[in-house]
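The structure appears below as C-alpha cells.
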Amino acid sequence: MKRLFCFLAIVSLSLNFSIVVNKALAQTAPAAQQTLSQSEEEAKRAIEARLSASIEAMRRKDLAARLELVTPNWTGKLKDGEIITVKDLEESFRRQHQSIISVSDETRTVVDTIQLSGNEATVHTSQRFVRTVPGGDGKPVEVRTSVTHLEKWVRTERGWLTKYIEELEQGPTFVGGVEQAQDRVGWKFVRVVWEEGVERARQVFEEARRRDPQAVLFQEGTLNTLGYKLINKGRATDAIEVFRLNTLAYPQAFNAYDSLAEAYMVVGNKQLAIENYRKSLELNPKNTNAVPMLERLGVPLSAEAIWQMAGPPPDVELLTDVEYGSRGSHSLKMHILRPKAQVKGGSPVIVFIHGGGWFEGHHNRGIGPLIHFAERGYLCATIEYRLSDEAKFPAQIEDVKLAIRYLRAKAKELRLDPERIGVWGQSAGGHLAALLGTSGGVKDLEGAGQWQKFSSRVQAVVDWNGPVDFLDPQDVELRAKVKADAPERLLGVPLKENVQRVARANPVTYVSKDDPPFLLMHGDADAVVSFSQSQLLYDALKRAGVDVTLEVVKGAGHFGVDGVSRLQGEFAALMDAFFDKHLKR
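Quick note on numbering: the sequence shown equals residues 747 to 1331 in the working numbering.
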C-alpha cells in the first residue's frame, strides 16, 4: 500500500540520524556542562564514538551494525507521543537504506550533557543529518534535518548501548534548500491519540468544533501519516476512525477519502472501500491511486473513462476490448491505441503486459502510459491474460503468445507492421515479456488456439523489474520477508519440490543467441522482486551474445504504472531510444 510503512518521524528520531544544530535547538537543549569528572569524560568519548560508528554503518547501509548499538529492549518516544520499539526502528532503517543515496560528512552528533549513575548514562544530544535522496524528478536532492534528544545509555560487555531515546525538539527541515512546513499544532493532537486513545481524540475534535466550526487542529497530511502508522501497528480499526476525522476536517480532500478506503480494504470491508475510492475520484477525477485500487476490488473503471482521465490526444484513437482469442468461455481482450494517420507499410507495434503477481491486475493499466508511444507513431496494445486463480502456468504465456499471433494475423486490418513488434511488461508482466522474448519458437509454451500459422516472436523486449528464477536465494529471502506466494500461486505447486516446473517458467531456460534485443530496468531498492533477478537474466543474455542493457534505477523501489499517468522523464527517454532503434525503419 502506498504509505503503509511511512516512518518519517521515526527516521528523524533514530539515534543514527545526526542533524543540523541551530539556535532554536540550542535554546531548548540543556546548557553544556562546563566540567566533567574523569569517568563522565570517558563515557562521553565512548558514547560519541558509538554514535560516529552508527553514522558510518548508516553510510554503508549496514543494518546489522546499526542494530548492534541498541539493546534488545530498546524503546523510543517521538515528539508527537508515539512509542516505538526495536522492530519499528529496524523497519525504519530498512526504509532509510532504500531511500538514501548518500550521507554527507556534515552529519554528526554532539553530546551536550552527560550524567552517570553506575553503568547508566543520561545524555542530551544535538544532532545534524544531511543526506541526498531521489527528488520528485528522480534527480538527487539534499535534505537537512535537526533534532535534540534525551537518551539513556547502558554500559555492557559489548560497550555502551542505547536503550531509550526521547525526541525533545525538531528543528526545521530543508529540501533542496527550501524549508518545509511542519505541523507543530497537529503533533499535539496526535499525542492525544497515542497517549489517550482515538475516542478521546474525537472528543477533543468535537469540542473544538463546537467552539469554532472552522477550528483546525491538524493538517490533513499529519493525520494521514498517523493513520498509516496505526495500520502498521495492527490497529486498523483505530486508523479508520482517524481517517474519518480527517474527512470531517477536510471534506474536500480526495486523499483523506483515498486513505479511508485503503483502511477499509485492510479490514476487508469491500463495499465501504469502493464507496470511498469513488468519493476520492469524484473530488479529484485524476486521482491515479484510486484507479488501480478499484481495479483490485473488482470494479475497474471503463477503458473509456481512463482514456478521458489520461487526456486523449487528437491524433490517436482507442479501440476498446478487442477480442483476440478465447479459452473456453473466457473471451480474451486487448485495448488498442493507434495513430489516426495511416503509415505506409504499417505502424511498428508495442504490446504492454500488466503486472499484479499473475493473480491480479488489469489490461486497463496500459492505456495512460501507452499514449506516449502512440503519439510517436506506434500502434500499441495492452492485453488481458488469464490470472493464476483461473488457470495455472503456462496459461499466461500461452495467452500472451496468442495475442502476438492475433496481431500478425490482423496486420492489414489494424494497419501494423508484423515484422516490427516489441513488448513491454512490468513485474509479473515483465516476467511474461522476458519469457516471450526468450521462448520464440518453443512449441511447449505456444499453446492451442487460433492463428497457429503466425509467429509469436517479438523483435524487442523491455522488462521492468520482472522475476525470472523463483528459486533464486535472494528472491526467496525477499518474498519470505513480505510473505509473498505469487510464484506458488502461478505454478500451483510447492517450488522446492518442483524444480523442473520452476525451470519451465524461467526465461533464462530458453535464452539463445537469436533472442531479440532486451532493455532491463530495475530499482536497486526493490523490496518486491530482488534486483538479482534482472542481473541473472542480463548475465544469461550477455553470455549468449544477445544485445542487452541493464538499467539500474538508483534508489527506486518496485516501480510500475497506474493506468492513467503518461510515461515521461528518463524512463520515457530510455524506452524511446530502445524501441526506435529496434522497431522503426
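We put the beta carbon where it would ideally sit given N, CA and C, even for glycine.
In this text the structure is predicted, and so the values were computed from the model without any measurement.
Evaluate contact between the stretch 1188-1196 and the stretch 1274-1290, counting only Cβ atoms and requiring at least three cross-stretch pairs below 8 Å.
-> In the pairwise beta carbon analysis, the stretch 1188-1196 is classified as not touching the stretch 1274-1290: fewer than three pairs are separated by under 8 Å.
Which whole-angstrom value is the C-beta distance of L1191 and E1234, which I expect to be below 8 Å?
-> Actually they are not in contact, since the Cβ atoms of L1191 and E1234 sit about 20 Å apart, beyond 8 Å.
Residues near Y1070 in its chain [Cβ-Cβ closer than 8 Å; skip 5 each side] | Same-chain partners within the cutoff: L1078, K1079, M1080, I1129, L1148, A1149, Y1152 and L1153.
Could you say which of R796, V962, G864 and V889 lies nearest to E852 if we only look at CA atoms?
-> Nearest Cα to E852 within the set R796, V962, G864 and V889: V889.
Taking just the CA atoms, how far does R1073 sit from A811?
-> It is roughly 54 Å from the alpha-carbon of A811 to the alpha-carbon of R1073.
Between which two residues does the beta strand (DSSP E) carrying W1104 extend?
-> Here W1104 belongs to no beta strand (DSSP E), and DSSP marks it neither H nor E.
Are the beta-carbon atoms belonging to E794 and T859 less than 8 Å from one another?
-> Going by beta carbons, E794 and T859 fall outside the 8 Å limit.
Taking E1144 as part of the alpha helix (DSSP H), name the residues at either end of that continuous run.
-> Unbroken alpha helix (DSSP H) run through E1144: A1141 to A1155.
Take every Cβ of the stretch 1102-1121, pair it with every Cβ of the stretch 1240-1253, and state whether three or more of those distances are shorter than 8 Å.
-> Short answer: they don't touch.
Which value, in whole angstroms, describes the spacing of the CA atoms of V1037 and S850?
-> If I take the Cα positions, the gap works out to 39 Å.
What are the boundary residues of the alpha helix (DSSP H) that includes A1087?
-> DSSP places A1087 outside any alpha helix (DSSP H), giving it a letter other than H or E.
Just reading off the alpha helix (DSSP H) that R1312 is part of, what are its end residues?
-> No residue range can be given for R1312, since it is assigned to no alpha helix (DSSP H) and is classified by DSSP as neither H nor E.
Three-way DSSP call (helix, strand, coil) for A1206 in this model | Strand, per DSSP.
For A1302, name the three-state secondary structure that DSSP assigns.
-> Per DSSP, reduced to three states, the secondary structure at A1302 is coil, with no helix or strand assignment.
Beta-carbon separation of A1051 and G1102 under 8 Å?
-> Result no, Cβ atoms of A1051 and G1102 do not sit closer than 8 Å.
Measure the beta-carbon distance from L1320 to E1297 and round it to whole angstroms, keeping in mind my assumption that it falls under 8 Å.
-> Indeed, because the Cβ distance is near 6 Å, the residues count as touching under 8 Å.
Should the stretch 789-805 be regarded as contacting the stretch 894-913, the criterion being three or more beta carbon pairs within less than 8 Å?
-> Yes: at least three Cβ pairs fall under 8 Å.
Apart from the five residues on each side of it in sequence, which residues of its chain come closer than 6 Å, Cβ to Cβ, to A1251?
-> In its chain, beyond the 5 residues on either side, F1139 have a beta carbon closer than 6 Å to the beta carbon of A1251.
Go ahead and label L1116 buried or exposed: buried means 16 or more other beta carbons lie within 10 angstroms of its beta carbon, across all protein chains shown.
-> Buried.
Alpha-carbon spacing of T919 relative to D1308, whole angstroms = Using only the alpha carbons, I get a separation of about 30 Å.
Tell me, please, whether the stretch 862-875 touches the stretch 834-841 by the rule of three or more beta-carbon pairs shorter than 8 Å.
-> Because the criterion of three Cβ pairs below 8 Å is not met, the stretch 862-875 and the stretch 834-841 do not touch.
Cβ contact check for the stretch 1309-1319 and the stretch 1272-1280: 3 or more pairs under 8 Å | These segments do not touch.
With burial defined as no fewer than 16 other Cβ atoms inside 10 Å of the residue's Cβ, what is the status of N1033: buried or exposed?
-> Result: buried.
Report all residues from its chain with a CB closer than 6 Å to the CB of L972; omit the five preceding and five following residues, and keep chain order.
-> Counting only Cβ-Cβ distances below 6 Å, and skipping sequence neighbours, we find V936 and V988.
Residue range of the beta strand (DSSP E) that V924 falls in?
-> Counting along the chain, the beta strand (DSSP E) containing V924 begins and ends at V924 to Q926.
Give every residue of the same chain whose Cβ lies closer than 6 Å to the Cβ of F964, excluding the five residues on either side of it in the sequence, and list them in chain order.
-> Answer for F964: G932 and F935, listed in chain order.
Measure the alpha-carbon distance for G922 versus R930 and round it to whole angstroms.
-> C-alpha of G922 to C-alpha of R930: approximately 22 Å in a straight line.
Does the Cβ of V1228 have 16 or more other Cβ atoms within 10 Å, making it buried, or fewer, making it exposed?
-> Burial call: exposed.
Rounded straight-line distance, which links the Cα of Q861 to that of A778 = In this predicted model, A778 has a pLDDT of only 46, less than 50, meaning its place in the structure is not dependable enough to derive any value.
Going by DSSP, which residues form a beta bridge with L1064?
-> Answer by DSSP bridge pairing, in chain order: L1083.
How about V1095 and L1125: do their beta carbons lie closer than 8 Å?
-> Their beta carbons are under 8 Å apart, which means V1095 touches L1125 by this criterion.
Identify, in the order they occur along the chain, each residue of the same chain with its Cβ nearer than 6 Å to the Cβ of K823, setting aside the five sequence neighbours on each side.
-> I829 and E912, listed in sequence order.
Mind checking which residues open and close the alpha helix (DSSP H) that includes G1175?
-> Residues A1174 to T1184.
Test item: CB-CB of T891 and F875 under 8 Å = Between T891 and F875, the C-beta spacing is below 8 Å.
Hey, A1206 and P1262 are a contact pair by Cβ (cut 8 Å); roughly how many whole angstroms apart?
-> Right, the Cβ-Cβ distance comes to about 5 Å (below 8 Å), so this counts as a contact.
Tell me, which residues are paired with W906 by DSSP?
-> Answer is R901.
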